[in-house]
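Worksheet: the structure to be examined is printed underneath.
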Amino acid sequence: MLEVQDLHVYYGGIHALKGARLKVDRGQIVTLIGANGAGKSTTLRTIVGLVKARSGSIRFNGEDLSRLETHEIIKRGIAISPEGRRVFPNLTVLENLELGAYNQGHETFDRQRQWVYSLFPRLEEREKQLAGTLSGGEQQMLSVGRALMSRPQLLLLDEPSLGLAPLVVEEVFRIIQTINKEGATILLVEQNAMAALQVAHFAYVLETGRITLEGTGQTLLMDERVRSAYLGESTQSV
Ligand SMILES: Nc1ncnc2c1ncn2[C@@H]1O[C@H](COP(=O)(O)OP(=O)(O)O)[C@@H](O)[C@H]1O
Ligand SMILES: [Mg+2]
């Protein structure tokens, strides 16, 4: 479904992606893990055209995305929930969802809204509440819900568990699996490697702009290098 090859991205003089690559097959949850600054967010931003690659290719359902604008990419079926759950604090929950819907007809909008509310019942309860008054976990759900309003085939999630309490983190990962089972393919960026690898069909490790390891979620969970670098086991004696 998505194939990223040899991606090079610069921010001025900073070479943030140095040949990053990955593949996402339809129906999967694929995760990209890596330390802070590895280039995870840059990878997602480049896929949706918010950042332009200097070279490399991004193909979605066979089509090259690299020359398309973000709104054209979203129209083709990719949506992003960005890092830091950027909801519009002074708009209501419903208004935030409307912004994710782009220019769909009423029927599609209602269907998507009902789906989002079935995934996140608390958003329905708080439909008329200003987004800025929601808890961190609820804002994260709104950010994911807003991305789902555009009916994406492929959902990009940038650190959905960041800064959330452990119970809320569990809930977020459960919902990610539900969204996947209900038909959306997911590319999940996480620093919470343990949780991400547990739900992922396939995983990549990104280090300073390059993919250094890949395998099934289960394989990487067992991998010594992953365990010591990302699962916090270097200081534990076994
Ligand atoms: N807007 C920006 N301007 C300049 N440098 C940036 C910008 N965004 C990210 N970077 C740099 O690019 C590298 C990758 O960042 P990022 O993709 O945010 O990593 P991650 O999401 O894995 O933490 C880092 O060195 C970061 O400092
Ligand atoms: Mg990031």
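Position one of the sequence shown corresponds to residue 55 (the working numbering), numbered consecutively onward.
Where is the CB? At the ideal position from N, CA and C, for every residue including glycine.
Just so you know, these numbers come straight off a predicted model, no measurement behind them.
Residue i: CB within 7 angstroms of a non-hydrogen atom of ligand 1
{"i": "residue 68", "result": "yes"}
{"i": "residue 72", "result": "no"}
{"i": "residue 93", "result": "yes"}
{"i": "residue 65", "result": "yes"}
{"i": "residue 96", "result": "yes"}
{"i": "residue 217", "result": "no"}
{"i": "residue 103", "result": "no"}
{"i": "residue 88", "result": "yes"}
Check: residue i C-beta below 7 angstroms from any heavy atom of ligand 2
{"i": "residue 244", "result": "no"}
{"i": "residue 77", "result": "no"}
{"i": "residue 137", "result": "yes"}
{"i": "residue 261", "result": "no"}
{"i": "residue 213", "result": "yes"}
Assigned exposure category for residue i - 16 Cβ within 10 Å defines buried
{"i": "residue 179", "result": "exposed"}
{"i": "residue 292", "result": "Because residue 292 sits at a pLDDT of 42, beneath the cut-off of 50, its placement in the model cannot be relied upon, and the following sentence gives the value as read from the coordinates. The residue is exposed, with fewer than 16 neighbouring Cβ atoms inside 10 Å."}
{"i": "residue 231", "result": "exposed"}
{"i": "residue 177", "result": "buried"}
{"i": "residue 289", "result": "Here the model assigns residue 289 a pLDDT of 44, short of 50, so the residue's position is not dependable, and the following value carries that caveat. The residue is exposed, with fewer than 16 neighbouring Cβ atoms inside 10 Å."}
{"i": "residue 55", "result": "buried"}
{"i": "residue 172", "result": "exposed"}
{"i": "residue 286", "result": "exposed"}
{"i": "residue 214", "result": "buried"}
{"i": "residue 65", "result": "exposed"}
{"i": "residue 175", "result": "exposed"}
{"i": "residue 276", "result": "exposed"}
{"i": "residue 228", "result": "exposed"}
Cβ pair residue i, residue j closer than 8 angstroms
{"i": "residue 263", "j": "residue 71", "result": "yes"}
{"i": "residue 59", "j": "residue 239", "result": "no"}
{"i": "residue 260", "j": "residue 92", "result": "yes"}
{"i": "residue 243", "j": "residue 135", "result": "no"}
{"i": "residue 186", "j": "residue 218", "result": "no"}
{"i": "residue 137", "j": "residue 79", "result": "no"}
{"i": "residue 184", "j": "residue 210", "result": "no"}
{"i": "residue 84", "j": "residue 257", "result": "yes"}
{"i": "residue 245", "j": "residue 90", "result": "yes"}
{"i": "residue 102", "j": "residue 124", "result": "yes"}
{"i": "residue 202", "j": "residue 166", "result": "yes"}
Beta-carbon separation (whole angstroms), residue i vs residue j, contact threshold 8 angstroms
{"i": "residue 127", "j": "residue 119", "result": "6 angstroms"}
{"i": "residue 204", "j": "residue 154", "result": "6 angstroms"}
Checklist entry - Taking one C-beta from the stretch 183-199 and one from the stretch 140-157 each time, how about it: are there three or more such pairs within less than 8 angstroms? => result Under the 8 angstroms Cβ criterion, the stretch 183-199 counts as touching the stretch 140-157, having at least three qualifying pairs.
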